[in-house]
Amino acid sequence: MASPQLQLQVLALLLLLATTATATATPTPTLIFLLGGQSNMGGRGGATNGPWDGVVPPDSGGRKRGSPFHAGIDVHNVLGVGPGMSFAHALFRAIPPSTVIGLVPCAQGGTPIANWTRGTELYERMVGRGRAAMATAGAGAGARMGALLWYQGEADTIRREDAEVYARKMEGMVRDVRRDLALPELLVIQVGIATGQGKFVEPVREAQKAVRLPFLKYVDAKGLPIANDYTHLTTPAQVKLGKLLAKAYLSTL
Ligand SMILES: *[C@@H]1O[C@H](CO)[C@@H](O)[C@H](O)[C@H]1NC(C)=O
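Those letters in the sequence shown? Residues -25 to -1, 1 to 228, per mature numbering (1 follows the signal peptide of the UniProt record, and there is no 0), in order.
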């Protein structure tokens, strides 16, 4: 028969287990965002005249000489500031402070939408990362996919035929992502392109505006400051874009 002291220890252990169980039953709310597209999502702010200038503005976290957020993802490119961090910081100020925000970088510079159709490497990686992020954060235990933030289309301005099929391709991609992640109501925030690699910028912008899908928001990058390469958003422009994305997301709550 166990001694009274041992019984006490067992009781203490049971209490400890009970406490742990309660802690697990109240999971940390986590909001996950997928970031897809090309260079302006990957981030080139401060990186259009040689190496990145290393400036991280206060609204993007303020750390001097941090590592660009898409490092190791948007490969073979000089990376700078994108919209992700200022998006997260703007969101932090507006949602319950206990919420964890998870950003999942997926962008790759120079890629037309044909590189993002179901079955392509970039598409499958994005969906795979989305699933992994949900699993890590504990889907069904407080983790939620907030949105797919999408800034892409500049590479579809080179050939007229690409611009013409853009809306249809975008709709197909969104439908596939929603189906593959089993999130039929996944919010998609699409950024209207401000620049292009070719001359069909307006047709692609029109196509973006013509995308007809539920749970879709449109944020326009046109008018934001562009670097002297005529292609990429500057750091202040990216900070502004992040805030616009946050505002678009918050408007859906
Ligand atoms: C984009 O698609 C082309 C044509 O299929 C392919 O050669 C290229 O590797 C793709 N790029 C990326 C980054 O997946």
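Just so you know, even glycine gets a beta-carbon here, dropped at the ideal spot from N, CA and C.
Cβ atoms of residue j and residue i: under 9 angstroms apart, would you say?
{"i": "Gln172", "j": "Ala116", "result": "no"}
{"i": "Pro87", "j": "Leu10", "result": "no"}
{"i": "Pro58", "j": "Leu188", "result": "no"}
{"i": "Ala196", "j": "Ile168", "result": "yes"}
{"i": "Ser61", "j": "Ser35", "result": "yes"}
{"i": "Val176", "j": "Gly12", "result": "no"}
{"i": "Arg93", "j": "Asp28", "result": "no"}
{"i": "Ala185", "j": "Ala142", "result": "yes"}
{"i": "Ala107", "j": "Glu139", "result": "no"}
{"i": "Pro211", "j": "Pro32", "result": "yes"}
For residue i, which of the options has the nearest alpha-carbon?
{"i": "Thr23", "options": "Asn52, Ile70, Pro4 and Leu10", "result": "Asn52"}
{"i": "Ala157", "options": "Val102, Lys174 and Pro200", "result": "Val102"}
{"i": "His64", "options": "Tyr98, Leu219, Ala82 and Lys197", "result": "Leu219"}
{"i": "Phe67", "options": "Ala118, Leu6 and His207", "result": "Leu6"}
{"i": "Gly113", "options": "Tyr224, Thr3, Leu225 and Leu228", "result": "Thr3"}
{"i": "Ala82", "options": "Thr170, His45 and Arg150", "result": "His45"}
{"i": "Gly121", "options": "Ala212, Thr132, Asp34 and Arg153", "result": "Arg153"}
{"i": "Thr209", "options": "Lys192, Asn15, Tyr126 and Arg187", "result": "Asn15"}
{"i": "Gly147", "options": "Val194, Trp91, Asp28 and Asp204", "result": "Trp91"}
{"i": "Leu191", "options": "Ser35, Pro32, Leu124 and Val30", "result": "Leu124"}
{"i": "Gly17", "options": "Pro32, Gly55 and Ser42", "result": "Gly55"}
{"i": "Val50", "options": "Leu97, Pro33 and Ala89", "result": "Leu97"}
{"i": "Gly128", "options": "Gly20, Ala221, Pro33 and Thr206", "result": "Thr206"}
{"i": "Thr227", "options": "Tyr193, Leu199, Ile76 and Arg135", "result": "Tyr193"}
{"i": "Gly25", "options": "Asp204, Val31 and Leu225", "result": "Asp204"}
Is residue i near ligand 1, going by C-beta to nearest heavy atom under 8 angstroms?
{"i": "Thr132", "result": "no"}
{"i": "Leu54", "result": "no"}
{"i": "Asn203", "result": "no"}
{"i": "Pro87", "result": "yes"}
{"i": "Asn90", "result": "yes"}
{"i": "Glu96", "result": "yes"}
{"i": "Gln172", "result": "no"}
{"i": "Gln213", "result": "no"}
{"i": "Gln127", "result": "no"}
{"i": "Gln83", "result": "yes"}
Report the partner residues of residue i according to the DSSP bridge assignment.
{"i": "Gln165", "result": "Trp125 and Tyr193"}
{"i": "Phe8", "result": "Leu78 and Ala122"}
{"i": "Ile201", "result": "Leu208"}
Could you check if residue i is buried or exposed, using at least 16 other CB atoms within 10 Å of its CB as the buried criterion?
{"i": "Thr111", "result": "exposed"}
{"i": "Arg150", "result": "exposed"}
{"i": "Pro72", "result": "exposed"}
{"i": "Ala(-5)", "result": "Its pLDDT being 40, under 50, Ala(-5) is placed unreliably in this model, and the coordinates cannot settle the point."}
{"i": "Thr170", "result": "buried"}
{"i": "Thr132", "result": "buried"}
{"i": "Val179", "result": "buried"}
{"i": "Ala(-3)", "result": "Note that Ala(-3) scores a pLDDT of 45, beneath 50, so its modelled location is shaky and nothing firm can be said."}
{"i": "Glu160", "result": "exposed"}
{"i": "Ala69", "result": "exposed"}
{"i": "Val163", "result": "buried"}
{"i": "Gly37", "result": "exposed"}
{"i": "Leu225", "result": "exposed"}
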